[in-house]
Amino acid sequence: MQTVKKLSIVWFLVFAVFLGCNGAEGNNTDDNVSFQEIQNVETVFDFEDLLATGWKKSKQYDVTGLDDALSAYMGPWAPQNGNPVTYEIRIY
Numbered sequence: 116m117q118t119v120k121k122l123s124i125v126w127f128l129v130f131a132v133f134l135g136c137n138g139a140e141g142n143n144t145d146d147n148v149s150f151q152e153i154q155n156v157e158t159v160f161d162f163e164d165l166l167a168t169g170w171k172k173s174k175q176y177d178v179t180g181l182d183d184a185l186s187a188y189m190g191p192w193a194p195q196n197g198n199p200v201t202y203e204i205r206i207y
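If you're matching positions, the sequence shown starts at 116 in this note's numbering and goes up one per residue.
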């Protein structure tokens with residue numbers, strides 16, 4: 116009888132843990148998260164085109180180790196009425 120009671124408690128705990136963890140997945144409450152598809156376009160852009168978008172260059176990086184890279188930069192860009200986002204830009 117004692118073994119049955121212990122086994123029942125163990126199964127109850129396993130079931131409770133399973134139910135407790137099952138609901139945690141996919142509960143992202145941040146509805147502002149979105150991803151945009153990057154599309155390959157036929158146009159070749161240069162650094163001046165990038166600056167014309169309002170992006171601000173704040174740091175230039177050494178490109179040693181970046182195969183075929185000519186330069187790399189980091190800086191913020193903010194969409195209209197939006198919060199700035201930091202982007203790393205690589206020129207190949």
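Virtual Cβ for every residue (Gly too), placed ideally from N, Cα, C.
Return yes when the Cβ of lysine 171 is within less than 7 Å of the Cβ of proline 194, no when it is not.
-> It is not a contact, given that the beta carbons lie outside the stated cut-off.
Reducing DSSP to helix, strand and coil, say where alanine 187 ends up.
-> If DSSP states are grouped into helix, strand and coil, alanine 187 belongs with the strands.
According to DSSP, is threonine 201 helix, strand or coil?
-> Correct three-state label for threonine 201: strand.
In DSSP terms, what lysine 174 is bridged to | For lysine 174, which the question treats as bridged, DSSP gives the partners Met189.
Host alpha helix (DSSP H) of aspartate 164 (start-end) = Where aspartate 164 is concerned, the enclosing alpha helix (DSSP H) stretches over 162-167.
Can you name the residues that DSSP bridges to isoleucine 206?
-> Partner(s): Ser186.
If we call anything under 7 Å between Cβ atoms a contact, is tyrosine 207 one with alanine 184?
-> It is a contact, given that the beta carbons lie within the stated cut-off.
Rounded to whole angstroms, what's the CA-CA distance from alanine 139 to glutamate 152? Just pull it up for me.
-> Any reading at alanine 139 needs caution, since the residue's pLDDT is 49, under 50, leaving its predicted position unreliable; the model's value is listed next. Spanning the alpha carbons of alanine 139 and glutamate 152 requires a straight line of approximately 28 Å.
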